[in-house]
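Numbering (our numbering), first residue to last: 201 to 424. Worksheet: one structure, shown below.
Now the structure itself:
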């Protein structure tokens, strides 16, 4: 019942083009956690985050429920599960563009990866997946469902936020600093030229004054 509620919550939000706020989702998951805590199958010794309904023999742990990444980075969506027999593992991606199935597989068998994530996903037997070269459009909610052969299941959600590296801003800063350095070099060169011209002018003026003084002395000697 809890799984159906969360699926409808995410699917309806994606359909209307608006994802729930992380705080709203956390509140919803907290309600789920309270239900798990009150169930007989929950044990307080678990240190990781346990999500989903209290299935018989199925446990799902998510060490990190929120991940921040940058463009072109490889991201590991890490989970751990325990159950009886070999389960079926399914990952779905929910964003403003809708709900999309990423991959489904049974440990030890070949994974059925969707066409949109071909050559971008690597699966692990513990239920984790790795996304290669993530982009901004990969930001969203990643929902994992682990279903055992008897039909009981557990699900969990990881929130991924991918930010873009501001190469353009860095390029602008570098160009601006280079421009300032060029202006400083031009100003220093102009100051050097002005100083050189002033020195030559003063030297020439002193030379003329010296010549005029010498001529006056010679004229005085002639008059005498």
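Glycine included, each C-beta is placed from N, C-alpha and C at the ideal position. Just so you know, these numbers come straight off a predicted model, no measurement behind them.
With a contact defined as Cβ atoms closer than 8 angstroms, residue 328 and residue 279 qualify at about 5 angstroms. Here the alpha carbon of residue 355 sits roughly 5 angstroms from the alpha carbon of residue 344. According to DSSP, residue pairing for residue 269 in a beta bridge involves 362. Judged by DSSP secondary structure, residue 304 falls within the beta strand (DSSP E) whose first and last residues are 298-305.
Taking a cut-off of 8 angstroms for Cβ pairs, the segment 267-284 and the segment 369-387 do not touch, as fewer than three such pairs fall below it.
C-alpha of residue 272 to C-alpha of residue 332: approximately 7 angstroms in a straight line. Taking residue 301 as the centre and dropping the five residues before and after it, the same chain places the C-beta of 292, 314 closer than 6 angstroms to its C-beta, in chain order. In this structure, residue 335 sits away from residue 375, with a CB-CB distance that is not shorter than 9 angstroms. The three-state reading of DSSP puts residue 318 in coil, since its state is none of H, G, I, E or B.
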